[in-house]
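One structure below.
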Amino acid sequence: MEIKRVGVVGVGQMGAGIVEVCARAGYEVVAREVNESLLAAGLDRINASLDKAVARGRLTDEARRDIAARIHGTTALADLANVDLVIEAVPEQRALKVELFAALDAACAPQTLLATNTSSLSVTALAAATQRQHRVLGLHFFNPAPVMPLVEIVQTLMTSVETLSTARAFVASLGKTAVLSPDTPGFIVNRLLIPYLLDAVRLLQDGLATREDIDTAVKLGLNHPMGPLTLMDLIGLDTCLAIAESMYDEYREARFAPPPLLRRMVLAGRLGRKVGHGFYDYPDGSA
Ligand code: 3HC
Numbered sequence: 107m108e109i110k111r112v113g114v115v116g117v118g119q120m121g122a123g124i125v126e127v128c129a130r131a132g133y134e135v136v137a138r139e140v141n142e143s144l145l146a147a148g149l150d151r152i153n154a155s156l157d158k159a160v161a162r163g164r165l166t167d168e169a170r171r172d173i174a175a176r177i178h179g180t181t182a183l184a185d186l187a188n189v190d191l192v193i194e195a196v197p198e199q200r201a202l203k204v205e206l207f208a209a210l211d212a213a214c215a216p217q218t219l220l221a222t223n224t225s226s227l228s229v230t231a232l233a234a235a236t237q238r239q240h241r242v243l244g245l246h247f248f249n250p251a252p253v254m255p256l257v258e259i260v261q262t263l264m265t266s267v268e269t270l271s272t273a274r275a276f277v278a279s280l281g282k283t284a285v286l287s288p289d290t291p292g293f294i295v296n297r298l299l300i301p302y303l304l305d306a307v308r309l310l311q312d313g314l315a316t317r318e319d320i321d322t323a324v325k326l327g328l329n330h331p332m333g334p335l336t337l338m339d340l341i342g343l344d345t346c347l348a349i350a351e352s353m354y355d356e357y358r359e360a361r362f363a364p365p366p367l368l369r370r371m372v373l374a375g376r377l378g379r380k381v382g383h384g385f386y387d388y389p390d391g392s393a
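Given below as structure tokens:
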């Protein structure tokens, strides 16, 4: 099966990046949000990213116009009826995603592949909400999606060989590298990343090091592009908490348990760059 038209559901931080990546690779993209104001905010985010690429000399004005013309915003799920692949990127809430997958199953043509960008929720649970379990998979992008070269392809017990080979070809067409993971909580990357990020919060919470020293230690001692607290601000503390909770729920291992400081920061609305403050302050609102 060849993918020509892609639908992206949810045009927040990750969804907007995925729309941009697909449109840049030449796909027609239907971008769906639940209301006009969220849709406008998502499209603004994409346009700002394209403008930045033009300003940096990475994209010509003409290419930018062509990319923008391939992106079609909508609030109607029915507009996804004829896409070949849907990538879901709504918030990390199991009930919301299960309900959405049932609705997508009803709205989309029978041959449409349904993918989730979930970080840690069960892809199998989403597949089970549909009548096309062999055509459901995970396509896990990394933040910022236009920059990060990896996509985890997540296979459930029901995902067909044909679905996987279509997914591999699709990921390659985006210029990204795929790794294959079974549907296990956190897949490959978050299984490694989340305990490390939570340990950084514990170091800070227990007063063992300052936020600057934790981040500087990792940046300069391990040559990571950013330290763990800066990275959590980029990912979003609410997203980090949701991932940790769902991994702890499945594994019941202390290393996945969210530390109290993380929970309190989320309760306090310190969600990271997207709201202007997290472990650090971002006076311009975002990065
Ligand atoms: N959107 C689009 N492009 C962006 C961007 C964004 N949000 N942020 C940066 N870029 C682009 C810049 O435009 C620039 O492009 P250019 O080289 O073509 O001009 C390039 O990326 C480098 O950006 P900068 O020079 O501004 O900054 P850095 O060199 O510091 O790179 C970074 C920024 C790419 C974010 C780098 O710091 C990095 O790789 N950080 C780690 C990110 C990471 O680990 N992500 C994974 C998170 S885990 C995850 O997503 C899984 C989930 O389930 C939790």
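Read left to right, the sequence shown gives residues 107 to 393 (our numbering). Backbone N, C-alpha and C fix where the C-beta goes; we use that ideal spot for every residue, glycine too. In this text the structure is predicted, and so the values were computed from the model without any measurement.
- Contact between L245 and V257 is confirmed by a C-beta separation of about 6 Å, below the 8 Å threshold.
- Around the Cβ of G313, a 10 Å sphere holds fewer than 16 other Cβ atoms; the residue is exposed.
- The closest heavy atom of ligand 1 lies 6 Å or more from the beta carbon of M371.
- The C-beta distance from V189 to V136 rounds to 6 Å, short enough to fall under 8 Å.
- Separation of the CB atoms of G378 and L340 is rounded to 7 Å, and the pair is thereby assigned contact status at 8 Å.
- Bounds of any alpha helix (DSSP H) do not take in R111; it lies within the beta strand (DSSP E) bounded by 111-115.
- Its chain contains D289 as the residues whose beta carbon lies nearer than 7 Å to that of S228, once the 5 sequence neighbours on both sides are disregarded; these appear in chain order.
- For T272, the enclosing alpha helix (DSSP H) has its first and last residue at 267-279.
- At the C-beta level, V260 and I193 stay beyond 7 Å of one another.
- If you draw a straight line from the Cα of N153 to the Cα of T230, it comes to about 34 Å.
- Your pair Y388 and T336 does not check out as a contact, with CB atoms roughly 11 Å apart and the cut at 8 Å.
- A straight-line Cα-Cα distance of about 15 Å links A251 and V295.
- Taking 6 Å as the cut-off, the C-beta of I341 counts as close to a heavy atom of ligand 1.
- In the three-state scheme derived from DSSP, where H, G and I count as helix and E and B as strand, G179 is classed as strand.
- Taken in chain order, the whole beta strand (DSSP E) runs of length 3 or more contained in the region 149-209 are 177-180, 191-194.
- Contact between F247 and M338 does not hold, since their C-beta atoms are separated by about 18 Å, which reaches or exceeds 8 Å.
- Only residues of its own chain outside the window of five on either side were considered, and among them L156, V160 have a CB closer than 7 Å to the CB of R170, listed in chain order.
- Apart from the 5 residues on each side of it in sequence, A213 sits with its Cβ closer than 8 Å to the Cβ of L183, A184, L186, A187 in its chain, given in chain order.
- In this structure, ligand 1 has no non-hydrogen atom nearer than 6 Å to the beta-carbon of M338.
- Between ligand 1 and F362, a heavy atom-to-CB distance of less than 6 Å is absent.
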